[in-house]
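From first to last, the protein sequence lines stand for chains A and B.
When you line the first sequence up against my numbering, it's residues 1 to 361, in that order.
When you line the second sequence up against my numbering, it's residues 1 to 266, in that order.
These notes are about the structure you will find just below.
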Amino acid sequence: MTIMFEKSAPPRPAAAARTAPPPPRSAESSATVGSASHGRPPAERWRPGQLEFFVLALVVLLFAQPWIVDRLGAPAVQTWATVFVAISVQALPFLVLGTLLSAAITAFVPPSVFTKVLPRRQSLAVPVAGAAGAILPGCECASVPVASGLMARGVAPAAALAFLLSSPAINPIVLTATAVAFPKQPEMVLARFVASLGTAVLMGWLWARFGRPEWIKVMRRPHDHGGNGKWENFRLALQHDFLHAGGFLVIGALTAATLNVTVPKHVIDAVSGSPWFAVLALAFLAVVLAVCSEADAFVAASLIGFSPTAKLAFMVVGPMVDVKLIALQSGTFGRGFAARFSSATFVVAIVASYGVGWWLL
Amino acid sequence: MVVVVRRDVQAVLLILIGGALLRISLTDMYLRYVKDGLRPALLAAGVILLVVGLISVVRDGIQRRAEEPAAAHASAEATGPAEGHVAEPADEGGHGHDHSAGPRAAWLLCLPVLALFLIAPPALGSYTASRSDNVVAKPAAASNDAGFPALPPGDPLPMTLADFLIRSVWDTTAPLKDRNVQLTGFVTPGKAPGTWYVTRMVISCCAADAFARKIEVHGVAAPPTDSWVSVTGRWLPNGQIQADDAMPALTATRVDHIPTPREPYE
Numbered sequence: 001m002t003i004m005f006e007k008s009a010p011p012r013p014a015a016a017a018r019t020a021p022p023p024p025r026s027a028e029s030s031a032t033v034g035s036a037s038h039g040r041p042p043a044e045r046w047r048p049g050q051l052e053f054f055v056l057a058l059v060v061l062l063f064a065q066p067w068i069v070d071r072l073g074a075p076a077v078q079t080w081a082t083v084f085v086a087i088s089v090q091a092l093p094f095l096v097l098g099t100l101l102s103a104a105i106t107a108f109v110p111p112s113v114f115t116k117v118l119p120r121r122q123s124l125a126v127p128v129a130g131a132a133g134a135i136l137p138g139c140e141c142a143s144v145p146v147a148s149g150l151m152a153r154g155v156a157p158a159a160a161l162a163f164l165l166s167s168p169a170i171n172p173i174v175l176t177a178t179a180v181a182f183p184k185q186p187e188m189v190l191a192r193f194v195a196s197l198g199t200a201v202l203m204g205w206l207w208a209r210f211g212r213p214e215w216i217k218v219m220r221r222p223h224d225h226g227g228n229g230k231w232e233n234f235r236l237a238l239q240h241d242f243l244h245a246g247g248f249l250v251i252g253a254l255t256a257a258t259l260n261v262t263v264p265k266h267v268i269d270a271v272s273g274s275p276w277f278a279v280l281a282l283a284f285l286a287v288v289l290a291v292c293s294e295a296d297a298f299v300a301a302s303l304i305g306f307s308p309t310a311k312l313a314f315m316v317v318g319p320m321v322d323v324k325l326i327a328l329q330s331g332t333f334g335r336g337f338a339a340r341f342s343s344a345t346f347v348v349a350i351v352a353s354y355g356v357g358w359w360l361l
Numbered sequence: 001m002v003v004v005v006r007r008d009v010q011a012v013l014l015i016l017i018g019g020a021l022l023r024i025s026l027t028d029m030y031l032r033y034v035k036d037g038l039r040p041a042l043l044a045a046g047v048i049l050l051v052v053g054l055i056s057v058v059r060d061g062i063q064r065r066a067e068e069p070a071a072a073h074a075s076a077e078a079t080g081p082a083e084g085h086v087a088e089p090a091d092e093g094g095h096g097h098d099h100s101a102g103p104r105a106a107w108l109l110c111l112p113v114l115a116l117f118l119i120a121p122p123a124l125g126s127y128t129a130s131r132s133d134n135v136v137a138k139p140a141a142a143s144n145d146a147g148f149p150a151l152p153p154g155d156p157l158p159m160t161l162a163d164f165l166i167r168s169v170w171d172t173t174a175p176l177k178d179r180n181v182q183l184t185g186f187v188t189p190g191k192a193p194g195t196w197y198v199t200r201m202v203i204s205c206c207a208a209d210a211f212a213r214k215i216e217v218h219g220v221a222a223p224p225t226d227s228w229v230s231v232t233g234r235w236l237p238n239g240q241i242q243a244d245d246a247m248p249a250l251t252a253t254r255v256d257h258i259p260t261p262r263e264p265y266e
């Protein structure tokens, strides 16, 4: 739909009704806001802009609420909405934490700090950065913006990526949750730590050896022209990073909620018998369910009938590769990067799970 | 064709999301989606987003509008694709050299906010429960010598579904025999017509990782699906023991309707 307003026409009620009809799906509504807002190039005087239409659409939606709720009453739709909102709500505080850290790194920490702390040789910097992942308390949503911030401050991509992979898997909160979920198998905590850190370091080294700089699309942040203070830069970086990563988090949550509601459980159960296939099946399940890394141990523990190695694979793959993370990485580092990096990590994580499972479990 | 998000709209987005987080965590609504323990994090995130949003309104919205001529606004909007053509590189976050435009993907953040305010999705209920089976892991007390502690006194004895499942499935001393117990949950229709389960969903982190605890109820006709009930009755030994996918049963003597509890998950 193309609605062009004449130069300074204020939004009339009739036009408003056409602009944002109460749609059954909110996705359309935001698209409507977007497409309606770019009217005609340079106008001299004030005319309704994005903000006005955005607010107008919200008001219309607010009044159409009963009508919309009626249309969305089916149990499957409601369940989908609950899971979608739950994933988003669960992830948002961690995303805020991650973007706060990332913005603080960008605004306050001079690049020289990292060159001093990290060993100069990349092959050494990778394991150091991987082990440093243990100090970021949070789940995977926080790690992507932080890794991006580290790269922006000149940290070698290989080291930043090792940090990206290890931090959601080996931090104290996640390891404690794992110990609680597997009370009779303390070796599971050790296995998870070893396999996750191993995968992260191996991926860092692989990137250092084979990765190409052009595979990573450096995100263009709002950069200052020297006129802004540090706090202003902090706020701008925070605002940009949060909105950017948040948008991609929503894509991930939409995908995960859809798969969560549509993939029948018995399909997964059917493969639990074969030890080799079970590992692949749970690794795949970890990718589609996108359970937060602080909870995945409880989910793994509830997957009765699967071998310990398969459960380990679920917990090693989940924090490193899942639909939510792929969406976040595509947004932050580019689609080409996410495709290469996620598929390679998936393979390495499964191999590490087999190896460590055979060794420790 | 999605247009870049202008600075002042970015501020509104931040306020919306922050407000939504505060709205659900200041009431008990957040308990439909996440665990109790996440509340401080939700409040903190909500406040941070709200504050950043408000600062942005002042700095980007009001000050900039006052400082910059209208032409700047118009050029920001002109970057939108008129006929599916993108005026600048189509990469995410691409804002050329126009500093008032933000990441395109940010529009999607409207979706969870709209879902919360317009639909207010309920806690998971019978639809999810009917697609999930009991998982009663063998507890440590079932294998060590000390065994289970004695059940507390009480007639009827209020129990969680988790307790009832573990005691009926794994406690070989059968402590539930001849005891009146009281279970609280919602109604899920059974697979066979006329049968029903008293049900609780269990979440470890958020509603995406939920699974169900179900106990078959005999002796009283099924109340309306998804209604909350308090069931009083006795354990009905049905051979469902010593198995982690067991489905124990209960013969009910009375079923009372109750309001939805504050915390819908167990």
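Don't be surprised by glycine CBs; every beta carbon is placed ideally from N, CA and C.
Bear in mind the structure is a predicted one, so any value in this text is a computation, not a measurement.
| task | Taking S56 of chain B as the reference, give the member of B:L13, B:L26, B:R39, B:A45 with the closest Cα. | result | On the second sequence, position 56 is the one that residue 56 of chain B refers to. Taking only the C-alpha atoms, the option nearest S56 of chain B is B:L13.
| request: Classify P120 of chain A as buried or exposed, calling it buried when 16 or more other Cβ atoms lie within 10 Å of its own Cβ. | output: Start at 1 with the first residue of the first sequence, and residue 120 of chain A comes out as number 120. A quick correction: the sequence has Arg, not Pro, at residue 120 of chain A. With fewer than 16 other Cβ atoms within 10 Å, it is exposed.
| said: Can you tell me which residues form a DSSP beta bridge with D256 of chain B? | reply: Here the question's residue 256 of chain B lines up with position 256 in the second sequence. Paired residue(s): B:S230.
| request: Taking only beta-carbon positions, decide if F182 of chain A is within less than 8 Å of chain B. | output: By one-based count along the first sequence, residue 182 of chain A stands at place 182. Judged by the 8 Å Cβ criterion, F182 of chain A is not in contact with chain B.
| Helix, strand or coil: how does DSSP classify M320 of chain A here? | Taking the first sequence and counting its residues from 1, the one referred to as residue 320 of chain A is at position 320. In the structure shown, M320 of chain A sits in coil (DSSP, three-state: anything other than H, G, I, E or B).
| request: Consider the Cβ of Q90 of chain A: report whether some Cβ of chain B lies at a distance smaller than 8 Å. | output: Here the question's residue 90 of chain A lines up with position 90 in the first sequence. Contact with chain B is found for Q90 of chain A, since one of that chain's Cβ atoms lies less than 8 Å from the residue's Cβ.
| query | Relative to the alpha-carbon of N134 of chain B, which residue among B:Y265, B:T253, B:D245, B:R6 has its alpha-carbon at the smallest distance? | reply | Residue numbering aside, residue 134 of chain B sits at position 134 when the second sequence is read from its first letter. It is B:D245 whose Cα lies nearest to the Cα of N134 of chain B.
| request: Output the residue ranges of the alpha helix (DSSP H) runs that lie fully inside the stretch 92-158 of chain B and measure 4 residues or longer, sorted by chain position. | output: Unbroken alpha helix (DSSP H) runs of no fewer than 4 residues, entirely contained in the stretch 92-158 of chain B, are found at 110-114, 126-129, following chain order.
| field | Contact under 8 Å by Cβ, A210 of chain B with V202 of chain B | value | As a first step, residue 210 of chain B must be located in the second sequence, where it is residue number 210. As a first step, residue 202 of chain B must be located in the second sequence, where it is residue number 202. Yes, they are a contact pair.
| query | Does the distance from the CB of A208 of chain A to the CB of A147 of chain A come in under 8 Å? | reply | Translated into positions along the first sequence, residue 208 of chain A becomes position 208. Translated into positions along the first sequence, residue 147 of chain A becomes position 147. No; because the gap between Cβ atoms is not below 8 Å, this pair is not in contact.
| Residue range of the alpha helix (DSSP H) that includes P157 of chain A | As a first step, residue 157 of chain A is located in the first sequence; it is residue number 157 there, counting from the start. Taken as a continuous stretch (DSSP letters only), the alpha helix (DSSP H) holding P157 of chain A covers 157-170.
| query | Where in the stretch 160-220 of chain B do unbroken runs of the beta strand (DSSP E), each at least 3 residues long, occur, reported from the N-terminal end onward? | reply | 180-189, 196-202, 211-218
| What residues from chain A crowd round Y265 of chain B, counting only those whose CB sits closer than 8 Å? | If you number the second sequence from 1, residue 265 of chain B lands on position 265. Going along chain A, no residue has its Cβ under 8 Å from Y265 of chain B, so there is no contact; the nearest lies around 11 Å.
| field | S56 of chain B: contacting residues in chain A (beta-carbon distance under 8 Å) | value | Taking the second sequence and counting its residues from 1, the one referred to as residue 56 of chain B is at position 56. R235, Q239, listed in chain order.
| query | How would you label N171 of chain A, buried or exposed, when you count the other beta carbons within 10 angstroms and need 16 or more for buried? | reply | Locating residue 171 of chain A in the first sequence gives position 171, counting from the first residue. It is buried - the Cβ of N171 of chain A has at least 16 other Cβ atoms within 10 Å.
| query | Using a Cβ cut-off of 9 Å, which residues of the stretch 279-292 of chain A contact any Cβ in chain B, in chain order? | reply | L289, A290, V291, C292
| request: Put V34 of chain B into one of helix, strand or coil per three-state DSSP. | output: Sequence index remark: in the second sequence, residue 34 of chain B carries index 34 (1-based). Reduced to three states, the DSSP call for V34 of chain B is strand.
| request: Write down the C-beta distance between E187 of chain A and S293 of chain A rounded to the nearest angstrom, noting that I regard them as a contact closer than 8 Å. | output: Counted from its first residue, the first sequence places residue 187 of chain A at position 187. Counted from its first residue, the first sequence places residue 293 of chain A at position 293. Incorrect: roughly 19 Å between the Cβ atoms, too far for contact.
| field | Residues near A252 of chain B by beta carbon distance below 6 Å, same chain, minus five either side | value | The count along the second sequence starts at 1 and reaches residue 252 of chain B at position 252. The residues are V217, G219, V220, V231, G233.
| Are the stretch 142-156 of chain A and the stretch 99-112 of chain A in contact at 8 Å, needing three or more beta carbon pairs? | yes
| query | So, using beta-carbon positions, are L157 of chain B and R179 of chain B closer together than 8 Å? | reply | Mapped onto the second sequence, residue 157 of chain B falls at position 157. Mapped onto the second sequence, residue 179 of chain B falls at position 179. Taking 8 Å as the Cβ cut-off, L157 of chain B and R179 of chain B qualify as a contacting pair.
| said: Contact criterion: CB-CB distance below 8 Å. Does L114 of chain B meet it with respect to chain A? | reply: Here residue 114 of chain B refers to the residue found at position 114 when the second sequence is read from its first residue. Yes, L114 of chain B lies at the interface with chain A (some Cβ there is under 8 Å from its Cβ).
| task | Indicate whether A327 of chain A and I251 of chain A have their beta-carbon atoms separated by less than 8 Å. | result | Working through the first sequence from its first residue, we reach residue 327 of chain A at position 327. Working through the first sequence from its first residue, we reach residue 251 of chain A at position 251. Taking 8 Å as the Cβ cut-off, A327 of chain A and I251 of chain A qualify as a contacting pair.
| task | Can you give me the Cβ contacts of G190 of chain B inside the same chain, cut-off strictly under 7 Å, excluding the 5 residues immediately before and after it? | result | On the second sequence, residue 190 of chain B is found 190 positions in, with the first residue counted as 1. These residues qualify, in order along the chain: W196, Y197, E216.
| Are the CB atoms of T82 of chain A and A207 of chain B nearer to each other than 8 Å? | By 1-based counting over the first sequence, the position of residue 82 of chain A is 82. By 1-based counting over the second sequence, the position of residue 207 of chain B is 207. Closer than 8 Å, so yes.
| task | Taking only beta-carbon positions, decide if G247 of chain A is within less than 8 Å of chain B. | result | One-based indexing of the first sequence puts residue 247 of chain A at position 247. G247 of chain A counts as touching chain B.
| When Cβ atoms are compared, which residues of the stretch 299-313 of chain A fall closer than 8 Å to chain B? | V299, A301, S302, I304
| query | Got a sec? Which residues, its chain only, sit under 7 Å from V255 of chain B by beta carbon, not counting five neighbours each side? | reply | The residue given as residue 255 of chain B occupies position 255 in the second sequence. Answer for V255 of chain B: V220, P223, V229, V231, listed in chain order.
| task | Starting from Y354 of chain A, trace the alpha helix (DSSP H) both ways and give me its first and last residue. | result | On the first sequence, position 354 is the one that residue 354 of chain A refers to. 335-360 is the extent of the alpha helix (DSSP H) around Y354 of chain A.
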